[in-house]
Amino acid sequence: MPVNREFTVADARLAVCVATRGRTNSLLVLLNALERIQAPVGTQTVVVVVENDRYGSLREEVQRRSRAGHKFMYGLEPRMGIPFARNLALRLAMTEGADYIAFIDDDEVPEHNWLAALWDKVRTGQYDLVGGPVEPFVSDTPRSWFSRQIWFGLLEQSDTSRKKAMCKSLDGLEHTIFVPTSNWMVRSDFVRQHALEFDESMGFSGGTDLKFYRELVRIGGRVGWTDAALVKEGLSHGRLTIGYQYRRARDQAVSNFHVRHPRITVPLFFRGLIYSLGKLITAFFWLILLPLYRGKALLRSVKGFGQAVGRWHAIHNRYAEHYRTVV
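Using our numbering, you'd call the opening residue of the sequence shown number 550 and step up by one each time.
As structure tokens, this is what we get:
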């Protein structure tokens, strides 16, 4: 197991990376929050913003903040796709000499102690990758009954996931908690030593953070989790629809399957059929319970149908392009 270099709080260099495309308003909210964030005492921190388009419309905004005295860097990645932008962010952060690199999504807002909580966890436990919870929020009350039920279901799902992660952490099972790039911090030396990067062949499919995480664990990286490092994800009304939640579950099922199973074998094909059938049964079960459990039942039913169809697509060697458009 690699042993982390010991840092004093005075010489650690941290980078916070944001990959963004088509979400100017939410990005500005995030950048404002990062300007006010509680940085770990004595550390040097830089915010790296990588815009994933061909025009660089946010360059002046980021540079203006840098001129105002905040440590911001701007990068432009014209190749479309999340992994291209994230890899450029990694390279820029390491070029700046960052010892640890945090990632946060462009539609999220961190709590004031977010970065300090990640840093405290990673340095005291000698971890190679640490993460924390993501809690959804909406700026105003969803309009339709279905949107409100989806929202309530997402809140219940988030609360359940957070409690499971906390239990695993207390039971010494942190290494089994998947840490997505929506809220994590990784050790630069480990990334550099093992030439880790996001798989650019998965341009719009999603799942590149899962593949990065699985590879890090496979080669001996130590993973930690802290409930104190909370970020909140802003959900647009476009995401609070049955159609979006179905497509998201379907495409995640496709991408996650291909990450875990690069090659489809005959036994894997038939296991996939059984999995799809099981998810369909589960989806119908939750649909029956809709009058009793409302939002929880609706979301789980929709996701069950999506996962069933997604696995069917995956075993037929189809791929997702969930992130080709921004919602």
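A virtual CB, placed ideally from N, CA and C, is assigned to each residue, including glycine.
Taking a C-beta distance under 8 angstroms as the contact criterion, glycine 770 and aspartate 677 qualify as a contact pair. Our two residues, serine 606 and glycine 624, have alpha carbons roughly 11 angstroms apart in a direct line.
Here DSSP, grouped into helix, strand and coil, assigns glutamate 584 to helix.
For the pair valine 772 and valine 728, the CB atoms are nearer than the 8 angstroms cut-off. Taken in chain order, the complete alpha helix (DSSP H) segments of 4 residues or longer contained in the region 556-636 are 573-585 and 608-616.
Approximately 13 angstroms separates the beta-carbon atoms of valine 565 and leucine 576; this is outside 8 angstroms, ruling out the contact.
The alpha-carbon of arginine 860 is positioned some 9 angstroms away from that of glutamine 801. In this chain, asparagine 866 is not harboured by any beta strand (DSSP E), its DSSP state being neither H nor E. Nearest to phenylalanine 753 by C-alpha distance, out of Gly787, Tyr872 and Val671, is Tyr872. If you keep only unbroken beta strand (DSSP E) runs of at least 3 residues inside the region 764-790, you get 772-774 and 780-783. For a cut-off of 8 angstroms, the C-beta gap from methionine 734 to tyrosine 649 is around 5 angstroms, short enough to register as a contact. Using a C-beta cut-off of 8 angstroms, the region 759-770 makes no contact with the region 684-700, since fewer than three inter-stretch Cβ pairs fall below that distance.
Threonine 757 counts as buried, since no fewer than 16 other beta carbons sit within 10 angstroms of its beta carbon. Within the region 811-841, the complete alpha helix (DSSP H) segments of 4 residues or longer fall at 815-837, listed in chain order. Taking the CA atoms as reference points, threonine 594 sits about 13 angstroms from phenylalanine 652.
Straight through space, the alpha carbons of leucine 664 and aspartate 560 are spaced by roughly 16 angstroms. Beta bridge pairing from DSSP links methionine 715 with no other residue. In this structure, the CA atom of valine 876 is about 24 angstroms from the CA atom of glycine 681.
Around the beta carbon of aspartate 654, 16 or more other beta carbons sit within 10 angstroms, so the residue counts as buried. Cβ atoms of alanine 642 and alanine 568 stay farther apart than 8 angstroms, at about 12 angstroms. Glycine 755 is bridged by DSSP to nothing; it lacks a bridge partner. Taking the C-beta atoms as reference points, threonine 775 is found nearer than 8 angstroms to lysine 670. Within the region 637-719, the complete alpha helix (DSSP H) segments at least 4 residues long are 663-674 and 694-719, listed from N- to C-terminus. With a contact defined as Cβ atoms closer than 8 angstroms, glycine 783 and aspartate 656 qualify at about 5 angstroms.
Counting only residues of its own chain and dropping the five nearest sequence neighbours on each side, leucine 829 has a CB closer than 6 angstroms to the CB of Ala857.
Taking the Cα of histidine 724 as reference, the smallest distance to any Cα among Glu764, Thr709, Phe747 and Glu746 is reached at Glu764. The three-state secondary structure of valine 875, taken from DSSP, is coil.
According to the DSSP assignment, valine 740 belongs to the alpha helix (DSSP H) that extends over 737-742. Residue pairing from DSSP places asparagine 732 in a beta bridge opposite Ile653. Between alanine 666 and arginine 562, the gap from beta carbon to beta carbon reaches 8 angstroms or more.
Judged by beta-carbon spacing, glutamate 684 lies within the 8 angstroms limit of serine 707, meaning their Cβ atoms are closer than that value.
In the three-state reduction of the DSSP assignment, serine 850 falls in the helix class. Restricting attention to Phe621, Ser615, Val599 and Pro811, the CA atom closest to the CA of proline 627 is found in Val599.
Your pair valine 780 and glutamate 660 checks out as a contact, with CB atoms roughly 7 angstroms apart and the cut at 8 angstroms.
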